[in-house]
Amino acid sequence: MSKSLKTARRGGDAVSAVADVAGAGAVSRRADRAAERRAAIVQAAMDEFIARGFAATRLDDIAKRAGVAKGTIYLHFKDKESMFEELIRTAIVPFVGRLAAPPPVGGSVRDMVEGLARMFLQEIAGTRRADLVRLIIAEGPRFPAIADFYYREVVSRGLAAMRALIQLAVTRGEIREPKLVQHPQLMIAPMMVAVIWKSLFERHAPLDAEAMLQTHLDLIFGARRPT
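6 is the number of the first residue of the sequence shown in this note's numbering; add one for each residue after it.
Here it is, written out as structure tokens:
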């Protein structure tokens, strides 16, 4: 092969490599823009759902708030229900995943439950995420598909994880009443009370959710010994 032909081939390979890099960069930028639009749509959906309620929110309202055309929404979501499901996946499901982790070595089940409950009070009950929970409670009966999704992705997984923690506490002797394993709902009751109370009655009788939590845990695990 002549020297000039080899040089030309190397030059062609270089041009091809540059083109590949440029093409990959363009694809990456398009993907980034699509992700940004999707995030904007999800945020707008959350704002609209909280402000108007699920039933009253229209896709036009969401598109306007997100600053996109209505048709753009359909590139990412098929309907309002799928947008609401995305909100639950991103805002609440990650917290439920933390329940499945075992207590740290040397740590008690009570300490873990207490830490998770405090995290819930701070990251969900004390934020706009609580509005999503309240929305499920208020409109779930009218939209059973949404309630079913929430049960499947959040409630059932959370109860299963809490049941496992209660069973571990019973085995270790931290909890004396084994029947509690059958009713893990009792363990999470203060968290749900906090969500509902703060939205409806806080202005009449402010709730000290932390103090309520400690009293609740003392009833289940026994009062802590003074140190």
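Beta carbons are placed, not taken as given, at the ideal position from N, Cα and C, and that holds for glycine.
How would you write the range of the alpha helix (DSSP H) that residue 221 sits in, first residue to last?
Residues 214-226.
Can you tell me where the alpha helix (DSSP H) with residue 87 in it begins and where it stops?
Membership of residue 87 in the alpha helix (DSSP H) is indicated by the continuous run 85-96.
Can you name, in chain order, every residue of its own chain whose Cβ lies under 6 Å from the Cβ of residue 229, other than the five neighbours on each side?
Taken in chain order, the list of residues that qualify is empty.
Same chain, Cβ closer than 6 Å to residue 77, neighbours up to 5 away in sequence not counted:
There are no such residues.
Would residue 173 and residue 109 be called neighbours here (beta carbons separated by less than 9 Å)?
No, these two residues do not count as a Cβ contact at 9 Å.
Cβ-based burial, residue 54 [other Cβ within 10 Å; buried from 16]:
Buried: at least 16 other Cβ atoms inside 10 Å.
Suppose you measure from the CA of residue 166 to the CA of residue 103; what does that come to, to the nearest Å?
If you take the alpha carbons of residue 166 and residue 103, they lie about 9 Å apart.
State the DSSP-derived secondary structure class of residue 183, mapped to helix, strand or coil.
In the three-state DSSP reduction, residue 183 falls in the helix class (H, G or I).
Does the separation of the CB atoms of residue 130 and residue 40 fall below 9 Å?
Not closer than 9 Å, so no.
Going by C-alpha distance, which of 37, 206, 46 is nearest residue 84?
Restricting attention to 37, 206, 46, the CA atom closest to the CA of residue 84 is found in 46.
Among the residues of its own chain, which have a CB less than 6 Å from the CB of residue 91, if the five just before and after it don't count?
If we look at residue 91 and ignore the five residues flanking it on each side, its Cβ neighbours are 47.
Mind checking which residues open and close the alpha helix (DSSP H) that includes residue 120?
Note, residue 120: alpha helix (DSSP H), 114-125.
Roughly how many angstroms lie between the CA atoms of residue 178 and residue 114, to the nearest whole one?
Going from the Cα of residue 178 to the Cα of residue 114 covers about 10 Å.
Taking residue 237 as the reference, which of 201, 89, 106, 176 has the closest Cα?
The chain is shown from 6 up to 232; residue 237 falls before or after that span and cannot be answered.
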